[in-house]
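**Q**
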Amino acid sequence: ETGVTQTPRHLVMGMTNKKSLKCEQHLGHNAMYWYKQSAKKPLELMFVYSLEERVENNSVPSRFSPECPNSSHLFLHLHTLQPEDSALYLCASSQVARDGQPQHFGDGTRLSIL
Amino acid sequence: GQNIDQPTEMTATEGAIVQINCTYQTSGFNGLFWYQQHAGEAPTFLSYNVLDGLEEKGRFSSFLSRSKGYSYLLLKELQMKDSASYLCAVHNDYKLSFGAGTTVTVRA
Numbered sequence: 022e023t024g025v026t027q028t029p030r031h032l033v034m035g036m037t038n039k040k041s042l043k044c045e046q047h048l049g050h051n052a053m054y055w056y057k058q059s060a061k062k063p064l065e066l067m068f069v070y071s072l073e074e075r076v077e078n079n080s081v082p083s084r085f086s087p088e089c090p091n092s093s094h095l096f097l098h099l100h101t102l103q104p105e106d107s108a109l110y111l112c113a114s115s116q117v118a119r120d121g122q123p124q125h126f127g128d129g130t131r132l133s134i135l
Numbered sequence: 032g033q034n035i036d037q038p039t040e041m042t043a044t045e046g047a048i049v050q051i052n053c054t055y056q057t058s059g060f061n062g063l064f065w066y067q068q069h070a071g072e073a074p075t076f077l078s079y080n081v082l083d084g085l086e087e088k089g090r091f092s093s094f095l096s097r098s099k100g101y102s103y104l105l106l107k108e109l110q111m112k113d114s115a116s117y118l119c120a121v122h123n124d125y126k127l128s129f130g131a132g133t134t135v136t137v138r139a
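Sequence order for the protein chains is U and V. Each residue of the first sequence is one higher than the last, beginning at 22 in the working numbering. Each residue of the second sequence is one higher than the last, beginning at 32 in the working numbering.
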């Protein structure tokens, strides 16, 4: 298996639930990213990990909690989300975060908050 | 702050040429990416410009003018499969800042 894999593809949850999104990359990259994509809005960078260390937290609410246990895996833990958090969450990876290496994206998790 | 503008929608005929413009005003700049995103799919990398000028890759070309804060993506010999959203993104340090995307519809 190659590329960037995200699970689940779809998730419906209530505002009081706790769930996690998973991302796995098989490209040998050392930087990983979480983005939020809402309808008609630009992709918003949420978190950046480089060599398993968080290097960017783009003013994201604490109800989103990332975890990067190794360079191949990235999680986004969700807790007490709001309806406006419904969106497509995309994971990406690249060779090095700082250089102009293209980011490779997964297909995303479509999240709906009831 | 970051301000990246591109048109919302464009329509063109199969076999024609379409040019998607992107203007940017950002606090830092290392280079500019173009991505293609089909509905329900992941964005895929098309091009990366660092220096001024035109870079050609088959039917797709990308141009950059750093002094003008301007880029365009040129799609030639349009095919139906080129119907997609095209995303302009400014690279600065660790970050990519995206425009809202241009939806291109190719008609027969």
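Glycine is no exception: its CB is placed at the ideal position from the N, C-alpha and C atoms.
(1) P123(U) touches chain V at which residues, Cβ-Cβ below 8 Å?
(2) Apart from the five residues just before and just after V33(U), which ones in its own chain have a Cβ nearer than 7 Å to its Cβ?
(3) In terms of residue numbering, what span does the beta strand (DSSP E) encompassing T39(V) cover?
(4) Does F129(V) get closer than 9 Å to chain U when you measure Cβ to Cβ?
(5) When you check each C-beta in the segment 103-137 of chain V against every C-beta of chain U, which residues fall closer than 8 Å?
(6) On the three-state DSSP scale, how would you describe P87(U)?
(7) Using a cut-off of 7 Å between C-beta atoms, extract the partners of A47(V) located in chain U.
(8) With a threshold of 16 other CB atoms inside 10 Å of the CB of G84(V), please say whether the residue is buried or exposed.
(9) In this structure, what does DSSP give as the bridge partners for I134(U)?
(10) Which same chain residues, not among the five before or five after T28(U), have their C-beta less than 7 Å away from its C-beta?
(11) At what residues does the beta strand (DSSP E) containing F91(V) begin and finish?
(12) Could you tell me which residues DSSP puts in a beta bridge with Y110(U)?
(13) Check the Cβ-Cβ distances between G84(V) and every residue of chain U, and say whether any is below 9 Å.
(14) Please name the residue or residues paired with I35(V) in a DSSP beta bridge.
(15) Do the CB positions of V76(U) and Q46(U) come within less than 9 Å of each other?
(16) Looking only at C-alpha atoms, which of N79(U), Q116(U), C89(U), M67(U) sits nearest to L139(U)?
(17) Check each candidate in V49(V), E86(V), Y101(V) and name the one with the smallest Cα separation from M41(V).
(18) Could you give the DSSP three-state label for K107(V): helix, strand or coil?
(19) Could you round the C-beta distance between L127(V) and F64(V) to whole angstroms and report it? I think they count as a contact, below 8 Å.
**A** Straight from the coordinates:
(1) The CB of P123(U) comes closer than 8 Å to the CB of F64, F76, Y79 in chain V, given here in chain order.
(2) S133, L135
(3) T39(V) -> no beta strand (DSSP E), and no H or E assigned at all.
(4) yes
(5) Answer set for the segment 103-137 of chain V: L118, A120, H122, D124, Y125, K126, L127, S128, F129, G130, A131, G132.
(6) DSSP, reduced to helix, strand and coil, places P87(U) within a strand of the structure shown.
(7) Counting only Cβ-Cβ distances below 7 Å, A47(V) has no contacts in chain U at all, with the closest Cβ about 26 Å away.
(8) Answer is exposed; the Cβ neighbour count stays below 16.
(9) Bridge partners of I134(U) according to DSSP: M34(U).
(10) K43
(11) 91-96
(12) K57(U), T130(U)
(13) no
(14) Y55(V)
(15) no
(16) Look at the range of chain U in this structure, 22 to 135, and you will see that residue 139(U) is not part of it.
(17) Selected option, being the one with the closest Cα: V49(V).
(18) coil
(19) The C-beta distance from L127(V) to F64(V) rounds to 7 Å, short enough to fall under 8 Å.
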